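Whatever position you read off the sequence shown (first residue = 1), add 14 for the working numbering.
Glycine included, every Cβ here is placed at the ideal spot set by N, Cα and C.
Nothing here was measured: the structure is a model prediction, and the numbers come from that model.
I have placed the structure first, in the form of structure tokens, so that the comments after it can refer back to it.
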Amino acid sequence: MSSSPSPSARVGRLAVVAVALCWLAVLFDGLDMFIYGSVLPHMLAEKALGLTPDKAGDLGSYATFGMLVGALTAGTVADRVGRRKLMVACVALFSLASALCATAGSVAVFGLGRTIAGIGLGGLLPTAISMVSDYAPRGRGALTIGMLMTAHHAGGILSAYVALWVVEPLGWRAAFWFCVLPLLFVPVLVRFLPESLSFLVAKGRTDQARALAGRYEVELPAAPADKQAAGDRWNALANLFRGGEWTQTLLYWLASFGGLLLVYGVATWLPTLMRGEGYNLGSALTFVVLFNLGGIVGMLVAGRASDRFGAPRISAIWFALTAAGVFLLSVHMPLALTFTVVFLTGVFLNSAQTMIYATVSIRSRPENRATAVGWTSGMGRFGAVFGPWLGGQLLAANNGDWGFTAFALAGLSSMVFIGIAALRGSKRTASTGSEQELIGAH
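Shown next as structure tokens:
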């Protein structure tokens, strides 16, 4: 009796490989993003590069400013040259930039390295989301994107262990040398990562797209009505505001601003703020692990719930629960209870923001998807720039407790904006079909 897998099983595994490669790329993205917050308490304690809390906040904002540039340009660049090439370039860019950080002799050089790394980090995430959207099973788009984003938080967990195991014996520079290792992953992406189906269709390469769709057993995206417009970056951006879409677009952008202010403010300052609350460094890094473990659980739960009930609704509920959790962190509680609150905050915070991306990605036309996700992420990056800076200013003024309150208010604002978007979406789809049909339509 033959034990060879059936053609269908082999094809299914091929689709898993495509998503798995994106997952690994986002893992390295998360490692590079969270490593600064994980080693920051060491750098401040050593006064490395002459760091003070306000300078440290500025450095955190440099990376997120780079992410703003990367996210705003990634969608239009990806729509022109392809998602695959851009993903490879982004991984190479943030890996090489970590080498610059590791060798920096001044705050200015270190900040330049973090800014360049941020460009790669900001460009990778919306591109990877577009890629997995192409290879996701019909009706499982939000769940697949949620699974992809577990990698970002797995990278955050890895960053905490790098800080625990590498920084103590070797110093903070070793952590950034560790972040150069993803450069070894670039040849793997070049060799095995397939091109985006929607990109191929939009470029008129339908035969190649059809062959890939058959090989990976996924649906072939519909061809754009106007191929020339699909390739025009300004048209792609203008499409986000046509036909009454401008209100929804602005709501998503505002929700993303508050969400990323919260995500990157907490990611940068959580270990330092928890040390300020009286916890030791070991406990503070354990909070990073728990926060990101919660993020992994939250992505899977939120993705499944969003496919059933609608990503905007789940995002609004999750932001409300996040605001409550972040506010509670300003209260000194028994360690076990604090661990629980940090874990639950991670569950809701990270997936709340991701479900904004899921909503935009799934509701966008295939040929315009990368631009829509990229600009939603990019507008949110203004919040990502502001969050680390705000935390640094509050700590420098000895108002660390207010950091948690400020971040909680950002969560409430995102709840309001995405909640309004959910209500408007429900009214709009009442005349065109159920929201489930809209969310499942790739």
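Could I get the ranges of all uninterrupted alpha helix (DSSP H) runs contained in the stretch 160 to 228, with 4 residues as the minimum, in chain order? 186 to 192, 200 to 206, 211 to 216
Three or more C-beta pairs closer than 8 Å, one from the stretch 314 to 333 and one from the stretch 155 to 164: is that the case here? yes
What separation, rounded to the nearest whole angstrom, lies between the Cα atoms of M81 and Q367? 16 Å
Within its chain, find whatever has a CB closer than 7 Å to the CB of Y278; leave out the 5 residues flanking it on each side and keep chain order. T78, A398, G401, P402
Return yes when the Cβ of F431 is within less than 7 Å of the Cβ of L265, no when it is not. yes
Whole angstroms are fine: how far does the CA of S270 sit from the CA of A243? Note that A243 scores 45 on pLDDT, short of 50, meaning its location in the model is unreliable and no value can be drawn from it.
Taking V194 and A113 to be in contact with their CB atoms under 8 Å, please state how far apart those CB atoms are, rounded to whole angstroms. 5 Å
Skipping 5 residues on each side, what residues in its chain have a beta carbon closer than 7 Å to that of G71? P402, W403, G405, G406, Q407
Continuous alpha helix (DSSP H) assignments of at least 4 residues falling wholly in the stretch 295 to 348: 295 to 323, 325 to 342
How about F213: is its Cβ closer than 6 Å to a heavy atom in the ligand ATP? You won't find the ligand ATP in this model; it holds no ligand whatsoever.
To the nearest angstrom, how far is the alpha carbon of W416 from that of S344? 8 Å
Take T117 as the anchor and find which of L307, W186, M47, L274 has the nearest alpha-carbon. W186
Distance between S427 and L437 (C-alpha atoms, nearest Å): 16 Å
Does the distance from the CB of G170 to the CB of G44 come in under 7 Å? yes
Are L409 and P67 close, meaning C-beta to C-beta below 7 Å? yes
Using the Cα positions of M101 and T141, report the straight-line distance between them to the nearest angstrom. 7 Å
Which residues in the same chain as S173 place their Cβ atom closer than 6 Å to its Cβ, once the five residues preceding and following it in sequence are excluded? L45, F48, I49, S52
For G394 and M57, the rounded distance between their alpha carbons: 28 Å
6 Å CB neighbourhood of D148 in its chain, flanking five on each side removed: S210, L211, S212
Beta-carbon spacing of F341, A422 below 7 Å: yes
Would L214 pass as a contact of A223 if the rule is Cβ separation under 7 Å? yes
From T373 to G339, what distance separates their C-alpha atoms? 24 Å
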